[in-house]
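Working notes, structure below.
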Amino acid sequence: EDGVRLTGEVFYTKQTEYNRATGLNISNRWSSLGWTTPTDFETTGVNGGNGQPWLDVDQYDLDVWWMNSFTVNRMTETESTNYNLELEYDKGGPFKFSARALRGSAELLSMNGQVQGDLSNWQYGPDRTFTLFRDGGDRTRGTFYPANIAALFPSSQYSNDVIGSNGGRYINPNPLGYGEDPQLHIDLTGDALTWSGFGNTISGGLGNVPLTDYMSNLDSYAVAAFSSEGNQNNTSDLTVFRADGSYDFVEPFLGFVNRVDVGLRHSSREVEIENFHLFSDFYAGNGATVPSGCSAQWKAIDVVMNQNQCQAGEMVSNPNYDPSKPTSTANPTQVFQGYTVNAPTKLDQYNNVMFMTDYGSITKGMPGVWVVDPRDFDDVVGFQQRVFGSAYRVIIPGTSYSVDLYEDSAYLNTGIGFGNLNGDVGLKVIRTELRVRQNQTGETRNYGDTNLDVGDTISNRDYMDYLPSVNLAYDFSDSLKLRFGYAKTMIPLDLGNYGGGITISTADSLGPTPQDPDAPPVGVRRVTGASASGNPDLNPWRSDNFDLSLEYYVGDASMFNVALFRLNIDSFVTTATVLDGRFPDQDGVIRRTVPVTRPVQGDGGELQGVEVGAKLAVSDFMPDMGIWSNFGFDGSFTYSDSSQNSKNLAGEDLPFRDNSKYSTNAAVWYQDDRLQVRVAYNYRTPRLQGQFGAIPIYQDTAQYVDANVTYNVSDTMAIYANGSNIFGEIENYYLEFEPGAKQFHSRNQFEPRYSVGIRARF
Numbered sequence: 068e069d070g071v072r073l074t075g076e077v078f079y080t081k082q083t084e085y086n087r088a089t090g091l092n093i094s095n096r097w098s099s100l101g102w103t104t105p106t107d108f109e110t111t112g113v114n115g116g117n118g119q120p121w122l123d124v125d126q127y128d129l130d131v132w133w134m135n136s137f138t139v140n141r142m143t144e145t146e147s148t149n150y151n152l153e154l155e156y157d158k159g160g161p162f163k164f165s166a167r168a169l170r171g172s173a174e175l176l177s178m179n180g181q182v183q184g185d186l187s188n189w190q191y192g193p194d195r196t197f198t199l200f201r202d203g204g205d206r207t208r209g210t211f212y213p214a215n216i217a218a219l220f221p222s223s224q225y226s227n228d229v230i231g232s233n234g235g236r237y238i239n240p241n242p243l244g245y246g247e248d249p250q251l252h253i254d255l256t257g258d259a260l261t262w263s264g265f266g267n268t269i270s271g272g273l274g275n276v277p278l279t280d281y282m283s284n285l286d287s288y289a290v291a292a293f294s295s296e297g298n299q300n301n302t303s304d305l306t307v308f309r310a311d312g313s314y315d316f317v318e319p320f321l322g323f324v325n326r327v328d329v330g331l332r333h334s335s336r337e338v339e340i341e342n343f344h345l346f347s348d349f350y351a352g353n354g355a356t357v358p359s360g361c362s363a364q365w366k367a368i369d370v371v372m373n374q375n376q377c378q379a380g381e382m383v384s385n386p387n388y389d390p391s392k393p394t395s396t397a398n399p400t401q402v403f404q405g406y407t408v409n410a411p412t413k414l415d416q417y418n419n420v421m422f423m424t425d426y427g428s429i430t431k432g433m434p435g436v437w438v439v440d441p442r443d444f445d446d447v448v449g450f451q452q453r454v455f456g457s458a459y460r461v462i463i464p465g466t467s468y469s470v471d472l473y474e475d476s477a478y479l480n481t482g483i484g485f486g487n488l489n490g491d492v493g494l495k496v497i498r499t500e501l502r503v504r505q506n507q508t509g510e511t512r513n514y515g516d517t518n519l520d521v522g523d524t525i526s527n528r529d530y531m532d533y534l535p536s537v538n539l540a541y542d543f544s545d546s547l548k549l550r551f552g553y554a555k556t557m558i559p560l561d562l563g564n565y566g567g568g569i570t571i572s573t574a575d576s577l578g579p580t581p582q583d584p585d586a587p588p589v590g591v592r593r594v595t596g597a598s599a600s601g602n603p604d605l606n607p608w609r610s611d612n613f614d615l616s617l618e619y620y621v622g623d624a625s626m627f628n629v630a631l632f633r634l635n636i637d638s639f640v641t642t643a644t645v646l647d648g649r650f651p652d653q654d655g656v657i658r659r660t661v662p663v664t665r666p667v668q669g670d671g672g673e674l675q676g677v678e679v680g681a682k683l684a685v686s687d688f689m690p691d692m693g694i695w696s697n698f699g700f701d702g703s704f705t706y707s708d709s710s711q712n713s714k715n716l717a718g719e720d721l722p723f724r725d726n727s728k729y730s731t732n733a734a735v736w737y738q739d740d741r742l743q744v745r746v747a748y749n750y751r752t753p754r755l756q757g758q759f760g761a762i763p764i765y766q767d768t769a770q771y772v773d774a775n776v777t778y779n780v781s782d783t784m785a786i787y788a789n790g791s792n793i794f795g796e797i798e799n800y801y802l803e804f805e806p807g808a809k810q811f812h813s814r815n816q817f818e819p820r821y822s823v824g825i826r827a828r829f
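Each residue of the sequence shown is one higher than the last, beginning at 68 in the numbering used here.
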């Protein structure tokens, strides 16, 4: 029927993506900062918690406690189905009506596979920070395996003559690895991180040779760990129904109301987030206290199965036995020795390998390393089942949750006019209902950093928002307009801000020291901190927004504008770190209070500024220039000042996250009946990205160039090509201890991305 149209649509998408990466890890192995010695630095005027000033460092000497190649592959599979049904009524009269129903469902599976190729022989040395030969009574005792695994290795690889009660043996895990901590140097200045020291001679299984000899020798690598962590299986459902009607008055109602718009909307968003690690069972029927075997997240060379929930191992002679004293529980002749989870494994034993030399343009001076081909982990579950016999999901309770968000809203909007003044005045009312299920976090599972799920916390809340809006325009002439806008806004948070629970961070203990006498024994995972990613009591983003603009039109497609804007922000979300966490180490003992980072309610923020812009089409100024009349230019400059209640180390207000004080956008374009070309340039000054405690982290000034070319083959078909970041902008991030100082934090290189495609309508 004329004026009545019913439209139905179904959209289905499915995509599989692989994000494959390889590289070299140089670090302190989650331990203290004692591995770094600043050699070129400036002292700031801001002191840290220990009373010493923060340093802006340009160069470091590094006592490398851990060096390994790494391979990571994240496979992401997404699938979604969306339905749309819409009824439109418009018979050309004053009344118009539409009703629309939408239903969407989506699922995401994201799987991570990774491996580390370690270059160390893990032997003990008095000046080495980390070793697998941890027994002070006998430094030949390191990684230990049952008889059936020991039989796979030559006797020359046994580290001693000790034989366990069931035939187990100590085995050198990487005989051809280096035997002392490498000494390197890094220069953070310039456009690329510059490394040196790889040519230094270092002792080990190859003799006293340069470190580069170890790095280039495939047999000097052993697998430090296989793992599959941070996996996700998420589902979401969206249901929306809305009805909208409008009535245009032939004669203004009350003399100034030209139109009335009304509408109702209901929406429900239901999200289920499951984060998990892959675990495997080890030593079933071969020394494990659990018949199915001991479960391990980290299939690693440094994980010993001697913890409290499940043990696997056998008795060995006590290296600390004192024959001059009576045998007793305090002086036994034998002690329990746990098996090491992962057997000594060459990098190419289960994997394809390749020699990597290209680290990109953001670092130089780094030699090549052997890495595993990341495509080996396209199916990480299948890989781990093949290598370890089992691979199964164990959820991460702190980051697994469900959130349901329901919104019912109604609005009334009126179109008004008084002579040269016209605009819209309206009110929107929204009722929001929130239901959140969070997991309660228990103690940490042995042989990983996954906590037990010990129950659920259910939260329910609701709130109302009344959101007025005013948009007015005054026509001084056909070419000159003044616009004013005001709106109170409410934006729901990302649902993850409501749902996440507590996640506990741990690191290997190096044992008690004079500086840390209460540390757990060597090898026991100790709690270092915690984070809570969600809080159901958080309020949504609420703000009052004002803008005033003057527009001058100089043709059908050309104009100049200047605008003032201000946002008074009532509530937003930020993070805070408080020293109030009390959690047990992996042996079940609570020893310290640790910092907990959690989302908290922010308030009292402001953002204001000015924008100047222009849209210029050559055809409005020189219509008879032939092909040149098809060119144009769009550009804008924005000054945006902002502040929030959070402070930097100097006690000054921080700006809002992701807000640059100055930004510029410009584009040159060409358009005719068939061809469209657009080249865009974007520039923005530093913007706050986050905080490390009270230390702000900024992204430095960045600029990007993108391009698009579209050619309309016909009315129903077009071919296109896109280029994003075509000059390969490198993003730099820095810490700011005091205003104006920049301490290097990190650097990301995103290569240009190009795409081509065809659009068709049927």
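For glycine and all other residues, C-beta sits at the position ideal for the given N, C-alpha and C.
Span of the beta strand (DSSP E) around residue i
i, result
"S638", "626-651"
"S822", "820-827"
"I93", "71-94"
"T302", "298-320"
"A761", "That residue, A761, is in no beta strand (DSSP E); it is neither H nor E in DSSP."
"F162", "162-185"
"I238", "236-238"
"L331", "324-349"
C-beta contact flag for residue i and residue j at 8 Å
i, j, result
"N20", "P277", "The question about residue 20 has no answer here: the residues shown for the chain are numbered 68 through 829."
"S232", "E381", "yes"
"T302", "E174", "yes"
"L176", "N151", "no"
"T106", "Q126", "yes"
"T138", "P441", "yes"
"V383", "V229", "yes"
"V124", "Q810", "yes"
"S362", "F346", "yes"
"N726", "R754", "yes"
"G246", "P213", "no"
"D708", "Q675", "yes"
"N149", "G116", "no"
CA-to-CA distance, residue j to residue i, given in whole angstroms
i, j, result
"D491", "K714", "39 Å"
"N602", "N179", "27 Å"
"W695", "T256", "46 Å"
"K431", "K413", "28 Å"
"Q183", "E153", "54 Å"
"Q766", "N749", "15 Å"
"P393", "I569", "48 Å"
"Q401", "N385", "5 Å"
"G312", "F627", "35 Å"
Local Cβ density within 10 Å of residue i, reported as buried at 16 or more and exposed below that
i, result
"E803", "buried"
"Q770", "exposed"
"A291", "buried"
"Y426", "buried"
"I238", "buried"
"S686", "buried"
"G781", "According to the sequence shown, residue 781 is Ser rather than Gly. Flag for S781 reads exposed."
"K158", "exposed"
"I657", "exposed"
"S467", "buried"
"R593", "buried"
"R512", "buried"
Closer than 7 Å: residue i CB and nearest the ligand FAD heavy atom
i, result
"G244", "The ligand FAD is absent from the structure shown, which contains no ligand whatsoever."
N-terminal and C-terminal residue of the alpha helix (DSSP H) that residue i is part of
i, result
"L605", "Neither: L605 is in no alpha helix (DSSP H) and is coded neither H nor E."
"L577", "Premise fails: L577 is in no alpha helix (DSSP H) and is neither H nor E."
Test: residue i CB closer than 8 Å to a CB of chain B
i, result
"T143", "Absent here is chain B; the protein component of the structure consists of one chain."
- [ ] Identify every run of the beta strand (DSSP E) within the segment 774-804, keeping only runs that are complete inside it and at least 3 residues long; order them along the chain.
- [x] 784-791, 797-802
Open item on the list: For a minimum of 3 consecutive residues, which ranges assigned as the beta strand (DSSP E) are wholly contained in the segment 357-425?
Closed with: 361-363, 380-384, 401-405, 420-423
TODO: Go through the segment 102-146 residue by residue and report every complete run of the beta strand (DSSP E) that reaches 3 residues or more, in order.
DONE: 103-114, 120-130
- [ ] Report the residue ranges of all beta strand (DSSP E) runs contained in full by the segment 509-590; include only those spanning at least 3 residues, in chain order.
- [x] 518-542, 547-558, 569-575
- [ ] Let me know the beta strand (DSSP E) ranges lying completely inside the segment 673-741, each 3 residues or longer, listed in chain order.
- [x] 698-710, 729-738
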